[in-house]
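I have placed the structure first, in the form of structure tokens, so that the comments after it can refer back to it.
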Amino acid sequence: MWSVHDDAGERTHPSPEALVLREFGGHRSASLFPTRSKHANYFDPAQGPGMRRAYQDNGEGMNQPRTNPPHEDQRVLMSLIAGLPKVELHMHIEGSLEPELMFTIAARNAVSLKYESVEAVREAYRFGNLQSFLSIYYEACSVLLHEQDFYDLTLAYLQRAHAQHVVHTEIFFDPQCHTQRGVAFATVLSGIRRALVEGERAFGITSRLIMCILRHLSAEAAVDILEQAQLYREHIIAVGLDSYEIGHPPAQFVNVFERARQHGFLTVAHAGEEGPADYIWQALNLLRVSRIDHGVRCMDDEALVGELVKRQVPLTVCPLSNVKLGVFPRLEEHNLREMLHRGLCVTVNSDDPAYFGGYIAENFVAAQQALHLTASEIYHLSMNAIQAAFLPAAEKQALLDQAAAVYHQEIAS
Ligand SMILES: [Zn+2]
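The sequence shown maps to residues 0 to 412 in numbering that gives the first Met the number 0.
Laid out in structure tokens, this is it:
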């Protein structure tokens, strides 16, 4: 999972990024983050007129190469990433199934895999688009049969999340992946729920569950799974839409989402990842979603950007996923930073971390390096995620206060 560290194998000395990633599992070393001089002309978003105006008016050319201000050495930035309380809003629990756990569960369930080893699985992760990824993803799900399997899967994610200072997570699950294999909805939900309760007790991580509908299956199948979810309404806050995007526009699920809202679910949808900006319009206007998952293609449509900015619709962007699936050829070409500066409520997430080379911290680190994100930008991305969470206002404020304390300590020390 430590992709940044692993990729740095040729370095003689560990980079600040690698050192920080090692630190995620333990205590942060004071010597690793030496005293820094306080800077004078630093844009302080917490005291400014709000991110939207501040970023819209800064006049900085988004396509221009740039470097961070001199006081922002990599150690400061990595320390900030490590220390900020993180909220994750786009993470598929089945996509956190690491190959090692896949083999462990397969063995105890006597499920045969077509891969001979963990290395063979990792080799298979060289997919080039959403379709080839999902083929492997669905096969990997075949090892998950019992309540304990879903518990182990979820607890393993929470342990990694805790090590990266995730304090709140809103997890997607794909029950249709399992019910169509004969695994009961209750089995899936019970295992995940038990781990979430344990995660809050042991790590203090709060959570919400979002049930995703597989868009490559029929609207009738979606209604069926929605009716099953309705039985567990108190444990599921929202309904989402995922899987193969192109050719499966949100409009196909208008009635399903209408019914979901009538049942009291909030709604979100994957849109504008590989699919066009029009799918984002459909998700907003037809499915009436609270958040857009991915949404990076919104930048193709000026009117859409204006609408998303005006309404401050959160966009749950997943940088490493986007590169792994070919949405952007290189992370340096990702539009995350440009989206932030346009005033969009953009957040950083891991999507399917076992497959895409990293959890949320690795996504922050990789995006910082590729796009030269400043401390202020990293802080804003974190605050956006807190604001976009399905949490009561008081809990959001407590997290915002925590984030502000970390930010000011990091940049002032
Ligand atoms: Zn996703």
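Each residue gets a CB set at the ideal place from its N, CA and C atoms; glycine is no exception. Owing to the predicted nature of the structure, the values given are computational and were not obtained by experimental measurement.
Chain-order list of residues whose beta-carbon lies under 6 Å from that of residue i (same chain, five-residue window excluded)
{"i": "Arg214", "result": "Leu240, Ser242 and His247"}
{"i": "Glu146", "result": "Thr186, Ser189 and Gly190"}
{"i": "His262", "result": "Gln229"}
{"i": "Gly274", "result": "Glu244 and Ile245"}
{"i": "Val322", "result": "Leu330"}
{"i": "Val120", "result": "Pro98 and Tyr114"}
{"i": "Leu195", "result": "Ser206"}
{"i": "Met338", "result": "Val345"}
{"i": "Met101", "result": "Ala139 and Val142"}
Per-residue burial, residue i [other beta carbons within 10 Å of its own, 16 or more giving buried]
{"i": "Pro391", "result": "exposed"}
{"i": "Ala106", "result": "exposed"}
{"i": "Lys113", "result": "exposed"}
{"i": "His407", "result": "exposed"}
{"i": "Ala393", "result": "exposed"}
{"i": "Gly356", "result": "buried"}
{"i": "Gln396", "result": "exposed"}
{"i": "Ser320", "result": "buried"}
{"i": "Asn284", "result": "exposed"}
{"i": "Pro352", "result": "buried"}
{"i": "Lys309", "result": "exposed"}
{"i": "Pro84", "result": "buried"}
{"i": "Pro318", "result": "buried"}
{"i": "Glu361", "result": "buried"}
{"i": "Arg159", "result": "buried"}
{"i": "Arg125", "result": "exposed"}
{"i": "Ala282", "result": "buried"}
{"i": "Ala183", "result": "exposed"}
{"i": "Ser206", "result": "buried"}
{"i": "Pro328", "result": "exposed"}
{"i": "Gly203", "result": "exposed"}
{"i": "Asp148", "result": "buried"}
{"i": "Val127", "result": "The sequence given here has Gly at residue 127, not Val. Exposed is the call here."}
{"i": "Arg290", "result": "buried"}
{"i": "Gly25", "result": "For Gly25, the predicted structure reports a pLDDT of 33, less than 50, and the residue's modelled location is therefore unreliable. The matter cannot be settled from this model."}
{"i": "Asp299", "result": "exposed"}
{"i": "His365", "result": "Sequence inspection shows Ala at residue 365; the His mentioned does not correspond to that position. Looking at its Cβ environment, which holds 16 or more other Cβ atoms inside 10 Å, Ala365 is buried."}
{"i": "Ala404", "result": "exposed"}
{"i": "Ala402", "result": "buried"}
Other residues of its chain near residue i: CB distance less than 7 Å, five sequence neighbours each side excluded
{"i": "Ala259", "result": "Leu225, Val238 and Thr266"}
{"i": "Ser141", "result": "Val110 and Arg180"}
{"i": "Ala388", "result": "Val86, Leu88, His167, Glu169 and Lys395"}
{"i": "Leu399", "result": "Met382 and Ile385"}
{"i": "Ala220", "result": "Gln175"}
{"i": "Glu197", "result": "Leu154"}
{"i": "Pro249", "result": "Leu240, Ala268, Ala270, Tyr278, Gln281, Ala282, Leu285 and Leu286"}
{"i": "Glu99", "result": "Val117"}
{"i": "Leu144", "result": "Asn108 and Val182"}
{"i": "Phe132", "result": "Phe126, Leu324 and Tyr354"}
{"i": "Val288", "result": "Thr266, Val267, Ala268 and Ala282"}
{"i": "Tyr150", "result": "Gly190, Arg193 and Ala194"}
{"i": "His161", "result": "Phe202 and Ile204"}
{"i": "Arg232", "result": "His262 and Gly263"}
Cβ-based neighbour list, residue i, same chain, cut-off 8 Å, excluding 5 preceding and 5 following
{"i": "Val222", "result": "Asn254, Val255 and Arg258"}
{"i": "Ile377", "result": "Leu76, Leu79, Ile80, Leu83, Phe363 and Gln367"}
{"i": "Tyr137", "result": "Cys176"}
{"i": "Glu409", "result": "Val75, Ser78, Leu79, Gly82 and Ala374"}
{"i": "Gly49", "result": "Low local confidence applies: a pLDDT of 35 at Gly49 is under 50, so the model's placement there is unreliable, with the coordinate-based value given in what follows. Excluding residues within five positions, none has a Cβ falling inside 8 Å."}
{"i": "His234", "result": "Leu188, Arg192 and Leu208"}
{"i": "Met297", "result": "A quick correction: the sequence has Cys, not Met, at residue 297. Result list for Cys297: Gly271, Ala276, Ile279, Ile291, Leu303, Val304, Leu307, Leu314, Met338 and Leu343, in chain order."}
Beta bridge counterpart(s) of residue i as assigned by DSSP
{"i": "His293", "result": "Ala270"}
{"i": "Thr186", "result": "Thr186 is not bridged to any residue."}
{"i": "Cys317", "result": "BP columns for Cys317 are empty, so no partner."}
{"i": "Asp241", "result": "Leu213"}
{"i": "Val345", "result": "Leu314"}
{"i": "Arg207", "result": "Glu169"}
{"i": "Asp350", "result": "Met90"}
{"i": "Leu265", "result": "Ala237"}
Supposed contact pair residue j and residue i - C-beta distance, whole angstroms, cut 8 Å
{"i": "Thr333", "j": "Leu380", "result": "A small fix is needed here, since residue 333 is His in this sequence, not Thr. The pair is not a contact, with the Cβ atoms about 13 Å apart (cut-off 8 Å)."}
{"i": "Val295", "j": "Gly271", "result": "6 Å"}
{"i": "Ala276", "j": "Leu303", "result": "5 Å"}
{"i": "Gly94", "j": "Tyr354", "result": "6 Å"}
{"i": "Arg336", "j": "Leu372", "result": "6 Å"}
{"i": "Val312", "j": "Asn348", "result": "Rounded, the Cβ-Cβ distance is 15 Å, inconsistent with contact."}
{"i": "His293", "j": "Asp173", "result": "No, His293 and Asp173 are not in contact; Cβ-Cβ is about 16 Å, not under 8 Å."}
{"i": "Phe252", "j": "Ile212", "result": "7 Å"}
{"i": "Ile135", "j": "Ala123", "result": "6 Å"}
{"i": "Leu152", "j": "Leu96", "result": "6 Å"}
Cβ of residue i within 9 Å of any chain C Cβ
{"i": "Val142", "result": "Although the question refers to chain C, the structure presented lacks it and comprises just one protein chain."}
* Asked: Where in the region 67 to 95 do unbroken runs of the alpha helix (DSSP H), each at least 4 residues long, occur, reported from the N-terminal end onward?
  -> If only uninterrupted alpha helix (DSSP H) runs of at least 4 residues are considered, those enclosed by the region 67 to 95 are 73 to 82.
* **3 or more residues per run - each beta strand (DSSP E) lying fully within the region 121 to 179** => You should have 165 to 172.
* Could you pull out every unbroken alpha helix (DSSP H) segment of at least 4 residues lying fully inside the region 363 to 404, listed in chain order? => If we require 4 residues or more, the alpha helix (DSSP H) runs fully inside the region 363 to 404 come out as 374 to 387.
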